[in-house]
């Protein structure tokens, strides 16, 4: 039996779907709640614990009190040891995360599992360093760090291997960005340190990779390809990123580097919108087709579920798989482990619907067919096909 600690940041990711680009700070959390935001961290923790249910006899589960772990674990039927105290019952602070994590280290736990984003990872790192192995379950808006599992279900699978001593420990990067700069469209990721993370096959995401010098001309060609293919009276939802921003620039429209904009007939309809606004616009323009333009995260491969939570599973369901346009340079694709794309919308049916080969615009007139997968591909060992297959076709316009 191994002693596993569970720490939940109950407000992680609360700013994502409402377009606030983060959840750090009381004012942002208050604003998110006023916009109707709900934290997904408890839901993701529940999925993790539900997937671990068959292994209860092998886990001595230690949790933070109340909303930081205990409540979710008890609801899922786990017997727990509660460690530490919270300053307030219904609100938490970074100091709570640090204090509980420090107590877990002192208690000699074998592994600390936290549910949150990069900000939570920083708080855990401040207390743990590399003294105790740590695994992050992704629940934040931004996850640049390399300490997170691909999803809660894959986190559970990784823990199963950890229980059987089948994992190797790897020092992995703790990264974070300045959220105030982030909201102003500036990305300044900083390395804060390294934590020991259990690794097994492809169950842990990599750190986010930046762009490669010399890509500008290629990205311009990609943007022009998208624009030349635009249909009249079609709603185009333009996701975050430098590649997608170039589409807006070529349309001579103001774009939101780290937000979501909406274009119709090559004119700006709405800028920096959240999930609610997207659903309202799609409803208002019900008779018109909608399309989503997104780019994967370099070094990780996520198309949905990281940094663009505004484009939620509800939005994707309305637009449809056939109306998703993925754009990327070949260099970015080569930076992605296994050259596969990932989705983590939080809805299993939508993630399954999105699975399969997608044409990715990699240059003007060029399509690279890449498989997009959800975590069921990692969990289903009966899949006989090669998930790393890559096919490229170039056609004349």
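Numbering (our numbering), first residue to last: 543 to 939.
All residues carry an ideal CB built from backbone N, CA and C; glycine is no exception.
Treat the numbers as computed from the prediction; the structure is a model and nothing was measured.
Where residue i falls, given that 16 or more other Cβ within 10 Å makes a residue buried
i: residue 666; result: buried
i: residue 693; result: buried
i: residue 635; result: exposed
i: residue 755; result: Reliability fails at residue 755, whose pLDDT of 46 lies under 50, so the model's placement of it is uncertain and the value that follows must be treated cautiously. Looking at its Cβ environment, which holds fewer than 16 other Cβ atoms inside 10 Å, residue 755 is exposed.
i: residue 778; result: buried
i: residue 695; result: buried
i: residue 552; result: buried
i: residue 796; result: exposed
i: residue 854; result: buried
i: residue 825; result: exposed
i: residue 548; result: buried
i: residue 641; result: buried
i: residue 633; result: exposed
i: residue 706; result: exposed
i: residue 546; result: buried
i: residue 653; result: buried
i: residue 698; result: buried
i: residue 626; result: buried
i: residue 594; result: buried
i: residue 638; result: buried
i: residue 708; result: exposed
i: residue 822; result: exposed
i: residue 718; result: buried
i: residue 891; result: exposed
i: residue 893; result: buried
i: residue 583; result: buried
Closest Cα partner of residue i within the set the options
i: residue 908; options: 647, 612, 768 and 821; result: 768
i: residue 555; options: 893, 586 and 545; result: 586
i: residue 878; options: 840, 902, 891 and 854; result: 840
i: residue 889; options: 638, 550, 618 and 589; result: 589
i: residue 716; options: 658, 821, 798 and 823; result: 658
i: residue 884; options: 899, 799, 610 and 581; result: 899
i: residue 543; options: 593, 601, 581 and 594; result: 601
i: residue 787; options: 813, 774 and 775; result: 813
i: residue 683; options: 640, 653, 714 and 581; result: 581
i: residue 646; options: 628, 630, 631 and 669; result: 669
i: residue 631; options: 610, 915, 863 and 846; result: 610
i: residue 731; options: 852, 660, 690 and 624; result: 660
i: residue 897; options: 775, 913 and 905; result: 913
i: residue 597; options: 770, 702, 655 and 688; result: 702
i: residue 608; options: 624, 873, 742 and 619; result: 624
i: residue 809; options: 766, 774 and 583; result: 774
i: residue 599; options: 613, 583 and 620; result: 620
i: residue 901; options: 875, 789 and 685; result: 875
i: residue 606; options: 618, 592 and 628; result: 628
Where the beta strand (DSSP E) through residue i begins and ends
i: residue 544; result: 544 to 550
i: residue 784; result: That residue, residue 784, is in no beta strand (DSSP E); its alpha helix (DSSP H) goes 784 to 792.
i: residue 732; result: 732 to 741
i: residue 803; result: 803 to 806
i: residue 883; result: 883 to 885
i: residue 602; result: 601 to 605
i: residue 809; result: 809 to 812
i: residue 833; result: 832 to 836
i: residue 869; result: 866 to 869
Short Cβ contact (8 Å threshold) for residue i with residue j
i: residue 834; j: residue 882; result: no
i: residue 782; j: residue 672; result: no
i: residue 739; j: residue 675; result: yes
i: residue 793; j: residue 804; result: no
i: residue 903; j: residue 764; result: yes
i: residue 858; j: residue 837; result: no
i: residue 780; j: residue 871; result: no
i: residue 852; j: residue 905; result: no
i: residue 742; j: residue 664; result: no
i: residue 643; j: residue 604; result: no
i: residue 711; j: residue 745; result: no
Residue i: first and last residue of the uninterrupted alpha helix (DSSP H) it sits in
i: residue 667; result: 660 to 670
i: residue 697; result: 694 to 705
i: residue 609; result: That residue, residue 609, is in no alpha helix (DSSP H); it is neither H nor E in DSSP.
i: residue 779; result: Careful: residue 779 lies outside any alpha helix (DSSP H), inside the beta strand (DSSP E) at 777 to 780.
i: residue 646; result: 636 to 648
i: residue 861; result: 855 to 861
In DSSP terms, what residue i is bridged to
i: residue 487; result: The question about residue 487 has no answer, for the chain in this structure spans 543 to 939.
i: residue 900; result: 912
i: residue 714; result: 737
i: residue 846; result: 885
i: residue 947; result: Nothing can be reported for residue 947, as the shown portion of the chain is limited to 543 through 939.
i: residue 841; result: Residue 841 is not bridged to any residue.
i: residue 589; result: Looking at the DSSP assignment, residue 589 forms no beta bridge with any residue, so it has no partner.
i: residue 905; result: 908
i: residue 598; result: Answer by DSSP bridge pairing: none, since residue 598 is not bridged.
i: residue 818; result: Partner(s): none; residue 818 has no beta bridge.
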